[in-house]
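J.:
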Amino acid sequence: MIDKIVLTETDQAEAAIEIRMLTTPPKAAKAWLQTRLGQPLLRVPATASIGLFGDPSVMPWLIEKMREPELVFAAGLAMRDLFDVDFNDTDLFTIDPSDLGKAFESLTDSPLPVADRVAAWWDEG
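Read left to right, the sequence shown gives residues 2 to 126 (the working numbering).
1. Would the segment 70-77 and the segment 101-109 be scored as touching if the rule is three or more Cβ pairs under 8 Å?
2. Less than 8 Å between the CB atoms is what I'm expecting for R37 and A49, so what's the real figure, rounded?
3. When the distance is taken between beta carbons, is L93 closer than 8 Å to A79?
4. Can you give, in chain order, each stretch of the beta strand (DSSP E) that sits fully within the segment 13-64 and has at least 3 residues?
5. Under the DSSP definition of a beta bridge, which residues are partnered with F94?
6. Could you give the distance in angstroms between the alpha-carbon of F168 and the alpha-carbon of T91?
7. How long is the line joining the alpha carbons of M60 and G39, rounded to whole angstroms?
8. When you compare only the Cα positions, how much space is there between A17 and E125?
9. M2: buried (16+ other C-beta within 10 angstroms of its C-beta) or exposed?
10. Verify whether the separation of the beta carbon atoms of L133 and M22 is less than 8 Å.
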């Protein structure tokens, strides 16, 4: 039933993906999510859900996605799920999409991660 919601109710896809991730054994959940990342209509909600695994080894991949206007907000959500950090007390996110460049100016979601700052933070460990 959850898989059907993911595929047919796009406005509910993110919540359905999260439920699927939390109720499926980790190995099977990762394989299932990997498939969703390859589906254009599900790339955004699948990216947002990847942080639920709690595996920080995905950070280099997330930083790449932060450079894509379509996925920047979702990558930021995933990063917030990965770490027990109040990112509001950092400069890693911005509420002004133009800070990220011309390709991001039309975005309305916020806050958005600043990929270069996140990469520097990640490299510092």
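Just so it is clear, CB atoms sit at the ideal spot from N, CA and C, and this is done for glycine as well.
These numbers come from a predicted model, not from an experiment.
T.: Reading it off the structure:
1. yes
2. For this step, residue 37 is matched to residue 36 along the sequence shown. For this step, residue 49 is matched to residue 48 along the sequence shown. Contact doesn't hold; Cβ gap of about 11 Å is too wide.
3. Indexing the sequence shown from 1 puts residue 79 at position 78. Indexing the sequence shown from 1 puts residue 93 at position 92. Contact: no.
4. Whole beta strand (DSSP E) segments, 3+ residues: zero.
5. Within the sequence shown, numbered from 1, the residue matching residue 94 stands at position 93. Note: F94 sits in a beta bridge opposite P114.
6. Since the first and last residues shown for the chain are 2 and 126, residue 168 lies out of range.
7. For the purposes of this step, residue 60 is identified with residue 59 of the sequence shown, where counting begins at 1. For the purposes of this step, residue 39 is identified with residue 38 of the sequence shown, where counting begins at 1. Their backbone Cα atoms lie some 18 Å apart in a straight line.
8. In the sequence shown, counting from the first residue as 1, residue 17 sits at position 16. In the sequence shown, counting from the first residue as 1, residue 125 sits at position 124. When the Cα atoms are used, A17 and E125 turn out to be separated by approximately 35 Å.
9. Residue numbering aside, residue 2 sits at position 1 when the sequence shown is read from its first letter. Label assigned to M2: exposed.
10. Nothing can be reported for residue 133: it is not among the residues displayed for the chain, which extend from 2 to 126.
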